[in-house]
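>
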Amino acid sequence: MIFAIGELLIDFIAVEPVDLRDVRTFEKHPGGAPANMVVGLRRLGVPAGLISKVGRDP
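Under the working numbering, think of the first position of the sequence shown as 68, with each following residue one higher.
1) Among Ile77, Ala71, Val106, whose alpha-carbon lies nearest the alpha-carbon of glycine 122?
2) Could you tell me whether the Cβ of phenylalanine 70 comes closer than 7 Å to any Cβ of chain B?
3) Note down the Cα distance separating glycine 99 from aspartate 89, rounded to an integer number of angstroms.
4) Quick one: using the 10 Å Cβ neighbour count with 16 as the cut-off for buried, is valine 113 buried or exposed?
5) Alpha carbon to alpha carbon, what distance is there between valine 85 and glycine 107?
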């Protein structure tokens with residue numbers, strides 16, 4: 068099994084297919100490099116997990 072150790076972040080993904088400076092609406096998705104890597108590995112059928120901590124900041 069592969070474990071990633073790292074931060075959790077929120078990825079803001081543009082909803083509209085326009086230039087980034089013209090985007091008005093974003094969707095929030097859990098992310099960050101370690102989490103995204105684990106998701107990719109799991110989709111490929113590789114046993115993987117994430118070790119992280121969620122902060123208390125707003």
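For glycine and all other residues, C-beta sits at the position ideal for the given N, C-alpha and C.
A quick look at the data gives this:
1) Out of Ile77, Ala71, Val106, the CA that lies nearest to the CA of glycine 122 is found in Ile77.
2) As a matter of chain content, chain B is missing from the structure shown, which is built from one protein chain.
3) Between glycine 99 and aspartate 89, the C-alpha separation is close to 24 Å.
4) Flag for valine 113 reads exposed.
5) In a straight line, the C-alpha of glycine 107 is about 26 Å away from that of valine 85.
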